[in-house]
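All residue numbers for the sequence shown refer to the numbering used here, where the first residue is 1280 and numbers rise by one.
Just so you know, even glycine gets a beta-carbon here, dropped at the ideal spot from N, CA and C.
Written below as structure tokens is the structure these notes are about.
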Amino acid sequence: MRRRAFLAAAAVAVTVGVTGCGIPDESKVSDIGPGPEFGEARTGGAGAGPPARESATTKEMFVTNFLAAVAGEPNKRAERFLSYMTESARPDKVDADAGVNLVRLRKPPVFTELEQGSWRVTIDVVQVGVLDERGTVAQADLKRTSYDFEIAIQSSESGTDSYIVTKAPVDPMLMSTEALELYFTPRTLYFWSKDGATLLPDERYMPKELDEGLRPTRIVEWVVAGASAWLEPAVSQLSDKARNNQNVPYPKDQLEVALNAAAAEQTNGAEGGDVVPKLGRQLLWSLRPYVKTGLRLSIDGGRSLIFLKDDEFYGANAANRVPEGPEQEDAQPERFALLDGKIHRLRESPGGGVQQLPRMLLSNGVNEGILQAALAREDGTEGLRTSAALVFQQNGEYKLRLVSAVGDGANPAAETEGFASMGRPVWLKASLDDGIGLVVANKRLYQFTVKGA
1280 MRRRAFLAAA AVAVTVGVTG CGIPDESKVS DIGPGPEFGE ARTGGAGAGP
1330 PARESATTKE MFVTNFLAAV AGEPNKRAER FLSYMTESAR PDKVDADAGV
1380 NLVRLRKPPV FTELEQGSWR VTIDVVQVGV LDERGTVAQA DLKRTSYDFE
1430 IAIQSSESGT DSYIVTKAPV DPMLMSTEAL ELYFTPRTLY FWSKDGATLL
1480 PDERYMPKEL DEGLRPTRIV EWVVAGASAW LEPAVSQLSD KARNNQNVPY
1530 PKDQLEVALN AAAAEQTNGA EGGDVVPKLG RQLLWSLRPY VKTGLRLSID
1580 GGRSLIFLKD DEFYGANAAN RVPEGPEQED AQPERFALLD GKIHRLRESP
1630 GGGVQQLPRM LLSNGVNEGI LQAALAREDG TEGLRTSAAL VFQQNGEYKL
1680 RLVSAVGDGA NPAAETEGFA SMGRPVWLKA SLDDGIGLVV ANKRLYQFTV
1730 KGA
């Protein structure tokens, strides 16, 4: 028997990364698609940079492109920003080192015609943060919630028309969060906690236009330069004299990193111990998407060590440590994969190749035609609860199928109404006992619950 489930529109406070930059709860939530895939980075040349001013064919496209002009490599930002403006509209000085002001548009831009071929553009925004040259998003400095600027059609000597900014926004170097998603790739760096017990993640944004062969070198430079300002008080730092001696050859089975002797010095953190082995594992974690077999770290003075993805490597990151003691089996995560519309237990997962799927997935028709899935397990007040949120398509619409089980008893499946689009569902960890989750459908954020039928 199938039950009807209902999705409630959710007003949720969202945090961008771990920078402390808030998105207000009254804002709309857009479906931005899947995030970066885990695993090995693809090799190749440079990716796409932001579009040139002349590429826009409509005023709406021009504004979108203008708010992406400063995306990409830091040393090109000022030139690209100024290229979108007439000479009279350009500010006297653009400080490219000041960072890029990230904004999220609350709604589409509003165009007010001033005269034939010119418009005043008004954008309502949320200040998200400041992107610096090391790919860090820091807390927003600006408070402004709207901007006005003017654009016009400009004819060239060749007779081709294009759009141009004739009056710039009050604050320079604005970039939309949409441009951040299109022209940057999230990369996670790691830094040792001050007590030397574990590695802590530090998310950065790398320009896609940077040649793939130079990206490992950029990551090494970022690691040597130190953690983001928000994370800095909690982590160990290398000497400010530490330097990268050479580019990291890539692609290559074994990456080679060469640092000067100052890189073996630590200015704070746990006293005692050899810094170099920890530095090698830190670099291996930070370069993980680019590493095939291992990493060789050479320090001035002749010392050279090879680091592999072994037990010491995985043990350096608390998120990947294997549980110990009598609760080891219960603490082991069960791993599943979605293939050909069905959920399968991976062979290396606990019970893989032997244990059947969770009982809630065994009912007739539940584990069929699945496009996206989220599984969760949690000890609740009623016992061990397992839940599944499954996206499937029916009659051209996307629906969410919700199933759960407490102990050995599985509840009947519940299905939502249909939507034109739907993203990947997620369960809220703090609310698993109540079976609450979130999903983006029709570009809005909804809350679902297996008890909401």
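Using DSSP bridges, identify the partner residues of residue i.
i, result
"R1383", "V1405"
"P1465", "Y1484"
"D1519", "The partner list for D1519 (beta bridge, DSSP) is empty, contrary to what the question assumes."
"E1429", "R1399 and K1446"
"S1472", "V1514"
"T1391", "R1399"
"L1538", "N1523 and I1578"
"R1664", "E1657 and V1685"
"V1705", "L1717"
Quick check: the Cα distance between residue i and residue j, rounded to an integer number of angstroms?
i, j, result
"T1232", "D1420", "Absent from the structure is residue 1232, since the part of the chain shown begins at 1280 and ends at 1732."
"A1597", "I1402", "43 Å"
"L1534", "Q1525", "12 Å"
"V1416", "L1510", "12 Å"
"A1350", "L1618", "36 Å"
"G1301", "Q1726", "Unreliable placement is indicated for G1301, whose pLDDT of 36 sits below 50; the coordinate value is still reported in the next sentence. Their backbone Cα atoms lie some 20 Å apart in a straight line."
"G1697", "L1361", "46 Å"
"V1342", "A1458", "12 Å"
"P1512", "R1680", "44 Å"
"P1568", "S1434", "46 Å"
"L1563", "V1570", "7 Å"
"S1472", "L1558", "12 Å"
"V1308", "L1453", "Residue confidence is low: V1308 scores 44 on pLDDT, short of 50, so the model does not pin down where it sits. Its coordinate-derived value is still stated next. The alpha-carbon atoms of V1308 and L1453 are separated by roughly 21 Å."
"G1326", "L1641", "44 Å"
"K1678", "A1720", "9 Å"
"I1622", "A1667", "11 Å"
"T1572", "I1649", "35 Å"
"E1436", "V1379", "33 Å"
"W1501", "A1616", "34 Å"
"T1496", "T1439", "41 Å"
"L1489", "N1674", "43 Å"
Which residue wins for smallest C-alpha separation from residue i, given the options the options?
i, options, result
"E1394", "I1432, P1691, V1685 and L1459", "I1432"
"R1359", "D1519, S1367, E1352 and A1348", "A1348"
"V1514", "V1502, K1520, F1470 and I1430", "F1470"
"T1728", "K1531, V1400, T1695 and F1428", "T1695"
"A1655", "L1641, N1690, E1613 and R1624", "E1613"
"V1400", "V1409, S1437, T1572 and P1448", "P1448"
"V1503", "Y1484, V1536 and L1717", "V1536"
"G1258", "V1444, A1543 and E1591", "Shown here, the chain extends from 1280 to 1732; a query on residue 1258 therefore has no answer."
"E1429", "A1506, V1718, D1589 and A1368", "A1368"
"R1385", "Y1363, T1424 and A1720", "T1424"
"M1639", "V1685, T1337, I1649 and A1652", "V1685"
"V1444", "G1396, G1378 and E1488", "G1396"
"W1398", "Q1516, Y1442, K1531 and R1413", "Y1442"
"Q1418", "A1508, P1528, K1520 and N1674", "A1508"
"F1586", "V1555, F1615 and N1674", "V1555"
"K1487", "E1500, T1464 and E1436", "T1464"
"P1353", "E1366, D1374, T1337 and K1338", "D1374"
"N1599", "G1644, L1479, V1405 and D1519", "L1479"
"E1460", "L1493, L1410, A1476 and D1532", "L1410"
Buried or exposed: which applies to residue i, given that a residue is buried once 16 or more other Cβ atoms fall within 10 Å of its Cβ?
i, result
"M1340", "exposed"
"P1704", "buried"
"E1316", "The pLDDT assigned to E1316 is 38, lower than 50, so where the model puts this residue is not dependable, and the model offers no usable value."
"S1683", "buried"
"P1245", "Because the chain in this structure spans residues 1280 to 1732, residue 1245 falls outside the shown range and cannot be described."
"D1481", "buried"
"Q1545", "buried"
"N1646", "buried"
"G1715", "Note on residue identity: the sequence assigns Ile, not Gly, to residue 1715. So I1715 ends up on the buried side."
"S1565", "buried"
"A1692", "buried"
"N1523", "buried"
"T1665", "buried"
"A1506", "buried"
"T1594", "Per the sequence shown, the amino acid found at residue 1594 is Gly instead of Thr. By the 10 Å Cβ count, G1594 comes out exposed."
"R1738", "Any answer about residue 1738 is impossible in this case: the structure gives the chain only from 1280 up to 1732."
"G1620", "exposed"
Enumerate in chain order the residues of its own chain whose CB-to-CB distance from residue i is below 8 Å, with the five nearest sequence positions on each side excluded.
i, result
"S1583", "R1575, L1576 and S1577"
"L1717", "A1289, V1291, P1704, V1705, L1707, L1724, Y1725, Q1726 and F1727"
"D1450", "N1380, L1421, R1423 and Y1426"
Excluding five sequence neighbours on each side, which residues of the same chain lie with their C-beta closer than 6 Å to the C-beta of residue i?
i, result
"N1344", "P1330 and A1335"
"Q1651", "V1670 and R1703"
"R1332", "S1362 and Y1363"
"S1628", "E1613 and R1614"
Taking only heavy atoms of the ligand MN into account, decide whether any of them is closer than 7 Å to the Cβ of residue i.
i, result
"A1375", "Absence of the ligand MN is noted for the structure shown, with no ligands found whatsoever."
Give every residue of the same chain whose Cβ lies closer than 7 Å to the Cβ of residue i, excluding the five residues on either side of it in the sequence, and list them in chain order.
i, result
"L1346", "L1453, M1454, S1455 and A1458"
"I1498", "R1466, L1468, S1565 and L1566"
"T1322", "Because the pLDDT at T1322 is just 47, under 50, the model does not fix this residue reliably, and the point stays unresolved."
"N1643", "none"
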